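Be aware that the sequence shown starts at 10, since it is given in our numbering, and climbs by one per residue.
The C-beta atom is built at its ideal place from N, Cα and C for all residues, glycine as well.
Note that the structure is a prediction, hence the values are computed from the model and not measured.
As structure tokens, the structure follows; a few thoughts come after it.
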Amino acid sequence: MTFPMNQPTDPDSKDTEHLPPVGCSEEGLSEQAKALATRLGAPWLGVVSPRHIDDCPAILWLDDNGLCLQATGRKAPGPVRAEFVAGKAGYRLAHGGGTGQLIARAVGLKRTHQTLHILDATAGLGQDAFVLAGLGHRVTMLERSPVIHALLEDGLARAAGDETTAPVVARMALIHADSISWLQQRAGQEPVADVIHLDPMFPHRDKSAAVKKEMQLFRPIVGDDPDAADLLAAALDCARYRVVVKRSRRAPAIPGPAPALKLDGKSSRYDVYPLRALPSD
Ligand SMILES: C[S@@+](CC[C@H](N)C(=O)[O-])C[C@H]1O[C@@H](n2cnc3c(N)ncnc32)[C@H](O)[C@@H]1O
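Listed below in structure tokens is the structure:
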């Protein structure tokens, strides 16, 4: 699966970055969608139906529901977007497991009552960051892919317009940058955050339908994050209390120092790299 190569707007983008063309569902959305195509340096398709496109595998498509990455062709699965209001994230915010859930235990939220500043250095579609912000913490998100960054930016803007999610996304800030260089520039200064959360891509073979749909579209865009070891090293130089790494259950730890603690969940695992104790009150 390949997209036209074009990456003039992202100084930090990886060699594997590919930009899908941009289109929209109706004339009234053209101006906004075209501005995005220009910003990304991606081809502009105008008003199109992804079902009727057969010369590229996926497009960035703006419709009434927001911006999505949409596979093309008649049998294409549904869109992939950053969604916080509806779906899994909205449900989890309303009924989620509090500080007992795996990500919260990994970050150490059971050990402290303080509000933390968490840096999510691999923001993706913002689901993990949203869980942490939903628990009351301040989250700064870094994402290097201009395509994923655009999807996340759109999801955050829609969530800011919803009364349930607005207070949560108000605690979330998004930066378009490569975390490795961003962190390296700040090493040796004040810690950039209390906890750094990492969830780099890993070339695993999860065959569940949901993972398949998202990953089929995601992987050609972001690649396999082969520089995860550099990211872990940079994070360890910049966190105040700990670095936590999400892995799929059977994936090896990121090469580098061994994690002091491994927390297993149903489908994923957290490797925890403590630096100093979290404040107890
Ligand atoms: C598996 S996804 C993260 C999913 C995310 N945890 C969520 O809940 O939606 C990994 C993301 O990290 C991004 N990424 C990987 N290495 C990065 C780096 N060095 N700097 C910034 N973003 C990075 C990739 O572009 C990709 O979007």
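Check: Counting C-beta neighbours from all protein chains within 10 Å, is the total for K255 16 or more, i.e. buried, or is it exposed?; Outcome: buried
Check: I'd like to know whether the C-beta of V253 is nearer than 7 Å to at least one C-beta of chain D.; Outcome: Looking for chain D here will not work: only one protein chain is present.
Check: Can you give the Cα-Cα distance for A115 and M210, rounded to whole angstroms?; Outcome: 19 Å
Check: For a test of your reading of the model: does the CB of I127 fall under 6 Å from any non-hydrogen atom of ligand 1? Yes or no.; Outcome: no
Check: Could you tell me which uninterrupted beta strand (DSSP E) segments, each at least 3 residues in length, are contained entirely in the segment 92-172, listed from first to last along the chain?; Outcome: 126-129 and 147-152
Check: Under a three-way DSSP split, which group does D290 fall into?; Outcome: coil
Check: Spell out a yes or no on whether the segment 32-46 and the segment 181-193 are touching, meaning 3 or more CB-CB pairs, one atom from each, closer than 8 Å.; Outcome: no
Check: Nearest to F93 by CA position, among Q136, L76 and P66, is which residue?; Outcome: Q136
Check: Distance check for L76 and L128, CA to CA, integer angstroms please.; Outcome: 25 Å
Check: Whole angstroms are fine: how far does the CA of L241 sit from the CA of V253?; Outcome: 9 Å
Check: Taking only the alpha-carbon atoms, compute the straight-line gap between P13 and S277 and give it to the nearest angstrom.; Outcome: Per-residue confidence for P13 stands at a pLDDT of 34, beneath the threshold of 50, marking its modelled position as unreliable; the derived number appears in the next sentence. For P13 and S277, the distance between alpha carbons rounds to 33 Å.
Check: Output the distance between the C-alpha atoms of A267 and V281, rounded to the nearest integer angstrom.; Outcome: 9 Å
Check: Below 7 Å between beta carbons: does that hold for T108 and K97?; Outcome: no
Check: Under 7 Å between the Cβ atoms of I291 and L144?; Outcome: The structure shown does not extend to residue 291, since the chain is modelled only from 10 to 290, so the question has no answer here.
Check: First and last residue of the alpha helix (DSSP H) that includes D239?; Outcome: A237 to L245
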